[in-house]
Amino acid sequence: MATSGIPYHKYEFGTFTRLARAQVPEYVRLQEVLARGAPPSDHYFFPQLIWANQAHTQMLAEEGIIPAEDAAAIQRMLAEMAGMTYDAFMAEVARLGLPHSLYAANEGYLIERLGEDVAGKMHTARSRGDLGNLTARMAIREEVLTAVEAVAGMREALARAGDRFADVVMPGYTQMQHAQTSTFGHWLLFYADVFERDTERLQDAYRRLDRNPLGGCAASGTTFPINRRRTTELLGFAELLENTRECKDEYPEFVAEVMHALALFFVNVSRLAQDWLLWYTDEFHMIDIPDEYCHSSSIMPQKKNPGLLQQMRQWGGKAIGDAAGCLAVFKAPSDSTIDAIEAVDRVWDHVEVLRWMSPCIAGLVDGVKPDRARMHALAADHWGTASELINAIYRRTGTNFRSGWRVVGRMVALAEETGLRPAQVTSDLLDRAAQEVLGSPLGLSTHEIRTALDPEEFVRRLCVPGAPNPQEVRRMAADRLARVARERTWVAERRDRLARARAMIRSS
1287 MATSGIPYHK
1297 YEFGTFTRLA
1307 RAQVPEYVRL
1317 QEVLARGAPP
1327 SDHYFFPQLI
1337 WANQAHTQML
1347 AEEGIIPAED
1357 AAAIQRMLAE
1367 MAGMTYDAFM
1377 AEVARLGLPH
1387 SLYAANEGYL
1397 IERLGEDVAG
1407 KMHTARSRGD
1417 LGNLTARMAI
1427 REEVLTAVEA
1437 VAGMREALAR
1447 AGDRFADVVM
1457 PGYTQMQHAQ
1467 TSTFGHWLLF
1477 YADVFERDTE
1487 RLQDAYRRLD
1497 RNPLGGCAAS
1507 GTTFPINRRR
1517 TTELLGFAEL
1527 LENTRECKDE
1537 YPEFVAEVMH
1547 ALALFFVNVS
1557 RLAQDWLLWY
1567 TDEFHMIDIP
1577 DEYCHSSSIM
1587 PQKKNPGLLQ
1597 QMRQWGGKAI
1607 GDAAGCLAVF
1617 KAPSDSTIDA
1627 IEAVDRVWDH
1637 VEVLRWMSPC
1647 IAGLVDGVKP
1657 DRARMHALAA
1667 DHWGTASELI
1677 NAIYRRTGTN
1687 FRSGWRVVGR
1697 MVALAEETGL
1707 RPAQVTSDLL
1717 DRAAQEVLGS
1727 PLGLSTHEIR
1737 TALDPEEFVR
1747 RLCVPGAPNP
1757 QEVRRMAADR
1767 LARVARERTW
1777 VAERRDRLAR
1787 ARAMIRSS
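Once you know that position 225 of the sequence shown is 1511 in this note's numbering, the rest is easy, because the numbers rise by one and skip nothing.
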C-alpha cells in the first residue's frame, strides 16, 4: 500500500528528497538524446533534398533544358512534399510500395503522382553522386550553424561568470599539484577561450562546406548547358565546388573535418567536466553545482550525483572514436562513395548532443557556486605564491632568480617539516634557509615575506595582459562577450543568405 500520494519520479528529482529542484527541460531532453541517439541521416537529408530538387528543376527550366510547363508541375508537387515531415513521407512511400532509398523514393513519388514523362525529366544533368554530396553539405551546414550558436551561449555564460567571480582566489594546479595562485574567474575565461577556438574550427569547416557540387554528375559533368552558378545562388552557397570529380567523390573529407571539430569540442567539454568533478568532491569541496543537473541514488539518500558532469566527460570518448572512424572511411579509394555514408552517419549523434548539452553547460555555469572561503584557504595553505617570494627577494636584495629559487625551496621544506603554513612563516625561517643555501641571511622582514605569500595580494599585483588580476579578468570578460556577439552576427548573416535563397525558389 502506498504511504503517500507523491509520484515516484519526485522522490529522485523533486522537493521531497536530497535534490530541492527538478531537472530543467533541456537536461531531460539531453538524456533522451543520449539514450536513444539521433534520427537517421535521411531525416536530415529529406528537407534539403526537396530544396535541391526545386533549385535544379528551376535552373533546368530557366536554361530551356526542360519545358516550362513540366517544370511547373514538378515544382507544385515538390512544394507539396516540402510541407511533409520525413516520417509522413516515408509512410506514404511504404503505402505506395516505392523503394525505400530516399533519393529513389523521392523521384518515385513524383513519378507516381505526375507520370514518368513529366517527373522523369527532373533528374536530367545530375547523378546521385553529386546530389548525395550536395544534400550532405546542406544538412551539415545547418547543423554547423546551430552548433556555433549553441556554443556561443556556453561562451557567454563562461564570460559572465568570469566577470562575476573575477576576485575569487583559488589554487592553480599543474600536474595535479598546487601551482601559482589564480582566480575562479580566470579559470572560467580560460574555457571561454578554449570554446572560442572550437567555434573557429567549426566556422572554418563551414567555409569549405559552403560550396555547391551540383552539376558534377558522375564525376565528369554533363553535355547539357546547365548553369551551375544559378543553382549555387538558389541553394544559398557562397561559391561553386569547381572540379567535377570533387563534386562526386570529395564527400568523406568535409564530413571528417566537421567530425574532428566536434570531437575537439567534446574533448574540451570533457576536460572542463573532469576539473569540476574533482572540485565538487567532499575532499576538494571547492564548488557546488545546481540540483537541476544532478541525480540522486536509489539506495543512498544523501547522494547528489553530478549527472551532467559525468555525461560531459563520457561523451568525449565517443567523439574520439567516431572521429577516428571517419578517418578510417576516408582512407578508402577515392571513388568509394558508399563508404562515405558510414562517415556521415556518425555526425548526427554529436550535433544533437551538442544542441542540447550546450545550454545545459551554460545553465550549470550560471548556477555554479564557488566556496570562496574554501578556495582561499587552499590557496593560502599550499605555497601557491612561493614564486612571488623569489621575486620579492630579488627586488629587496638583488639575489638572482635561481639562487632565490633554491632558498625558497629549502624554506618550504623546513616549514613542511615543522608544520608551518605560509601565513606563519617568519624572517628567521627564511634566513635559516638562506644561510644553508647561500651561506648568509637575506634580511627580509616577516611582513615582507607574508605579503609576498598572501594569495589575494599576489593576484592583485599581477600586471601582465591575460593574468588573473581581477581587473584584467573583467576586461577580458567584456572582450569575450563582444566576440560572442560577433559570432552570433556571423550565424545570422549566413542564415539570412539561406533564407533569401529559399525565397527565390518558384513553387510552380
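For glycine and all other residues, C-beta sits at the position ideal for the given N, C-alpha and C.
Item	Value
Distance, Ala1542 Cα to Ala1341 Cα	27 Å
Residue environment, Glu1312, which counts as buried when at least 16 other CB atoms sit within 10 Å	buried
Own chain, CB closer than 6 Å to Gln1334, minus 5 neighbours either side, in chain order	Thr1421, Met1424 and Ala1425
Any alpha helix (DSSP H) of 4 or more consecutive residues that is wholly inside the region 1364-1418	1372-1382, 1388-1400 and 1402-1405
Cβ pair Ser1506, Thr1485 closer than 8 Å	no
7 Å Cβ shell around Trp1691 - same chain, five flanking residues per side excluded	Ile1676
Minimum C-alpha distance to Glu1348 - residue among Arg1760, Asp1373, Thr1517 and Leu1488	Thr1517
Sub-8 Å separation of Val1770 and Asn1755 beta-carbons	no
Those runs of the alpha helix (DSSP H) which lie wholly inside the region 1689-1733 and span at least 4 residues	1713-1724
Met1598 versus Leu1550 - alpha carbon distance	13 Å
Buried or exposed (CB count within 10 angstroms, at least 16 for buried), Lys1407	buried
CA-to-CA distance, Arg1515 to Gly1401, given in whole angstroms	30 Å
Proximal residues to Asn1399 (C-beta, below 6 Å), its chain only, five neighbours per side dropped	Reading off the sequence shown, one finds Arg at residue 1399, where the question assumed Asn. So the qualifying residues of the chain are Met1363.
The region 1472-1484 in contact with the region 1667-1687 per 3-pair CB rule at 8 Å	no
Three-pair Cβ contact test at 8 Å for the region 1490-1504 versus the region 1462-1473	no
Val1455 - partner residues in DSSP beta bridges	Thr1469
Endpoints, alpha helix (DSSP H) assigned at Asp1339	Reading the sequence as shown, one finds Asn at residue 1339 and not Asp. First-last of the alpha helix (DSSP H) with Asn1339: Ser1327 to Glu1348.
Phe1332 to Tyr1372 span [Cα, whole Å]	6 Å
Thr1517 - DSSP class collapsed to helix/strand/coil	helix
Straight-line gap, Val1711 to Met1572 (C-alpha atoms, nearest Å)	25 Å
Residue nearest to Gly1607 in terms of C-alpha spacing, selected from His1546, Asp1561 and Glu1638	His1546
Assigned secondary structure, Leu1526 (DSSP; H/G/I helix, E/B strand, else coil)	strand
Where Asn1498 falls, given that 16 or more other Cβ within 10 Å makes a residue buried	buried
C-alpha distance - Gln1463 paired with Phe1570, whole-angstrom precision	13 Å
Status (buried if at least 16 other CB within 10 Å, exposed otherwise) for His1636	buried
Secondary structure of Arg1497, DSSP reduced to three states	strand
C-alpha distance - Asp1631 paired with Asn1513, whole-angstrom precision	31 Å
Counted within 10 angstroms of its Cβ, other Cβ atoms place Met1643 as buried (16 or more) or exposed	buried
Segment limits, alpha helix (DSSP H) that includes Glu1773	Pro1756 to Ala1789
Among Asp1416, Pro1457, Gln1317 and Asp1625, nearest to Ala1666 - alpha-carbon criterion	Pro1457
Candidates Glu1539, Val1434, Leu1613 and Pro1325, of which the one nearest Glu1779 by Cα	Val1434
DSSP state of Asp1574 mapped onto helix, strand, coil	strand
Beta-carbon separation (whole angstroms), Gly1415 vs Ala1504, contact threshold 8 Å	5 Å
Close Cβ partners of Val1310 (< 8 Å) along its chain, the five nearest in sequence each way excluded	Glu1578, Tyr1579, Cys1646 and Gly1649
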